[in-house]
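Read the structure below first, then the notes.
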């Protein structure tokens, strides 16, 4: 267990609690005046809501190339059999592929694209590296839901990420609609930390990546957050990016549309916020879920 | 098995198919000029789309009384233990209660309310009776999805309903929002019959009411219907009614909102379309799923 002071204890106390965030949202002291690709309004929105939608950041041609690559990865038996792959219980089809920036050159290029990296620099005010990457495929008609969670809660407890100084980019490879299980977020939820209840089982990631139960907020805290901020599901078109903070509460529903929904997901962490010993279980999660030994500052 | 000619064979052929509907949508030969509570525009919409939303048909006070009754039914152990009740696997909480118009006077009054019955008369052009009734509770945060299906397909194969001459009223007891798993419909899908694949197991209703697999459309047929008509999820407020045809393809997603979503559901069938022998399995489903012996014309 970590020897650092635990600023965000979770899965320890017998009852859940909601406490104020102890880190800034924008890490440059200049705040919304920080220079970079994001406008003052976009920074303001990110600080207030915990996310901002960047429309048409990538071209249709770029997204089509990524989708081709995704198809190829899904057809690759070795990829589907790798520990980085999460497959559908029934069909064996690829559902998620972690550390995709290490498997695929095309997704490595996307992860290191200055249009994303410079945004991460602007928000986190330091060099950044990829803490986690993945592609998610929500298959047509049967794509499963993900319950509400703060990524930071898991990264803190299970990976030993000390502070809230990481940002995620969800790149829409296909259009998001009301019916295909788009990302849902609770605006303003990033200002509070929900301390969760329950002990982390060994190798929790093996089950939690399919269906998370430990490390999810209690109904009362969630209700409080939704009463304050509501719920938003951006209908981001292919090529758009939802940039959201590591502590923004989010979820997604089922895909009931007859078309797959796919996105790429990159987590940029500050080099000053590298993961250490987990605050929860003794054993950290594998490298493909949380970069620990291979830290390469980007850009 | 039924001795009638089977106009809508399903679960018989080895591959699925999409065929034209062989019954009118509006049964009075006067069509959209038929007199009654629905306007010409509403009838036109119902004929074209297979559904129409009737806003504010019931008052907030009426819906509050129904919600109170629903709470009382959910707390009643005998109700939860009855065969008409579907309960949550984890908590034992009430999820659906069938034949609610026989258990509860308040819901019997709602089912027989002239604001609903006269609409059914207008569309079906005959006396009507309640083929099925139920209340559905989609619990906060964990309400489960229902996959796409045409009710008629099941009622025809498993209950022996001969023709498409029934109409359903989904009464919103709580507001429907984008996030609480509202009813989703495919406009225009009622003009086609999707013949499904797979043999009906004995006592299929015991599993199909929790998760339906047999009697659901194949992906290709569903894609065709959605390409033609799209998907719509009416955000019906409490007190509103979604009136939809027995063959309109519909589904619903998860409830990820921190509030329950509840509705009452009444199926009005023409007395000239009473159920007979099932077209599929030898044994019909129980009375609480399909009125067979107790036919009381309404209104």
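Protein chains in written order, with my numbering: chain A, 111 to 409; chain B, 111 to 409.
Each residue gets a CB set at the ideal place from its N, CA and C atoms; glycine is no exception.
Residue i - DSSP class collapsed to helix/strand/coil
i	result
residue 227 of chain B	helix
residue 162 of chain B	strand
residue 394 of chain B	coil
residue 204 of chain A	strand
residue 279 of chain B	strand
residue 128 of chain B	strand
residue 152 of chain A	helix
residue 87 of chain B	Residue 87 of chain B cannot be examined here, being either before or after the span of chain B that is shown, 111 to 409.
residue 360 of chain A	strand
residue 401 of chain A	coil
residue 317 of chain A	helix
residue 216 of chain A	helix
residue 173 of chain B	helix
residue 178 of chain A	helix
residue 184 of chain B	helix
residue 141 of chain B	helix
residue 234 of chain A	helix
Boundaries (first-last residue) of the alpha helix (DSSP H) holding residue i
i	result
residue 331 of chain B	329-339
residue 188 of chain A	187-191
residue 266 of chain A	261-269
Cut-off 7 Å between Cβ atoms - residues of its own chain near residue i, not counting five sequence neighbours on either side
i	result
residue 308 of chain A	121, 324
residue 402 of chain B	385, 394
residue 390 of chain B	121, 267, 268, 310
residue 167 of chain B	225, 349, 350, 351
residue 133 of chain B	273, 274, 275
residue 406 of chain B	239
residue 182 of chain A	none
residue 114 of chain B	272, 386
residue 209 of chain A	194, 243, 398
residue 128 of chain A	302, 304, 331, 334
Opposing strand residues paired with residue i [DSSP bridges]
i	result
residue 343 of chain B	DSSP output for residue 343 of chain B lists no bridge partner at all.
residue 239 of chain B	B:379
residue 245 of chain B	B:207, B:374
residue 385 of chain B	Its beta-bridge partners do not exist; DSSP assigns none.
residue 256 of chain A	A:362
Pair within 9 Å by beta-carbon distance, residue i and residue j
i	j	result
residue 195 of chain B	residue 211 of chain B	no
residue 263 of chain A	residue 303 of chain A	yes
residue 230 of chain B	residue 294 of chain B	no
residue 268 of chain B	residue 388 of chain B	yes
residue 363 of chain B	residue 355 of chain A	no
residue 233 of chain A	residue 148 of chain A	yes
residue 327 of chain A	residue 306 of chain A	yes
residue 251 of chain B	residue 366 of chain B	yes
residue 275 of chain B	residue 373 of chain B	no
residue 238 of chain B	residue 408 of chain B	yes
residue 298 of chain A	residue 339 of chain A	yes
residue 240 of chain B	residue 351 of chain B	no
residue 370 of chain B	residue 253 of chain B	yes
residue 280 of chain B	residue 346 of chain B	yes
residue 137 of chain B	residue 317 of chain B	no
residue 255 of chain A	residue 201 of chain A	no
residue 265 of chain A	residue 400 of chain A	yes
residue 213 of chain A	residue 192 of chain A	yes
Cβ of residue i within 9 Å of any chain D Cβ
i	result
residue 126 of chain A	Absent from the structure is chain D; the protein chains it does hold are A and B.
Span of the beta strand (DSSP E), counted from its first residue to its last, around residue i
i	result
residue 196 of chain B	195-197
residue 293 of chain B	293-295
residue 353 of chain A	351-355
residue 303 of chain A	302-305
Same chain, Cβ closer than 6 Å to residue i, five either side skipped, listed in chain order
i	result
residue 260 of chain B	357, 359
residue 162 of chain A	152, 155, 156, 353
residue 300 of chain B	160, 355, 357, 358
residue 284 of chain B	348, 371, 372
residue 117 of chain B	132
Cβ shell of residue i (< 8 Å), same chain only, five flanking positions each side left out
i	result
residue 333 of chain B	none
residue 206 of chain B	195, 196, 244, 245, 246, 247, 319
residue 343 of chain A	286, 288, 292, 293, 294, 295
residue 184 of chain A	190, 203, 204, 247
residue 150 of chain B	142, 143
residue 126 of chain A	304, 305, 306, 307, 327, 328, 330, 331
Near the ligand ATP: residue i beta-carbon under 8 Å from a heavy atom
i	result
residue 334 of chain A	With respect to the ligand ATP, the structure shown offers nothing to examine, as it has no ligands at all.
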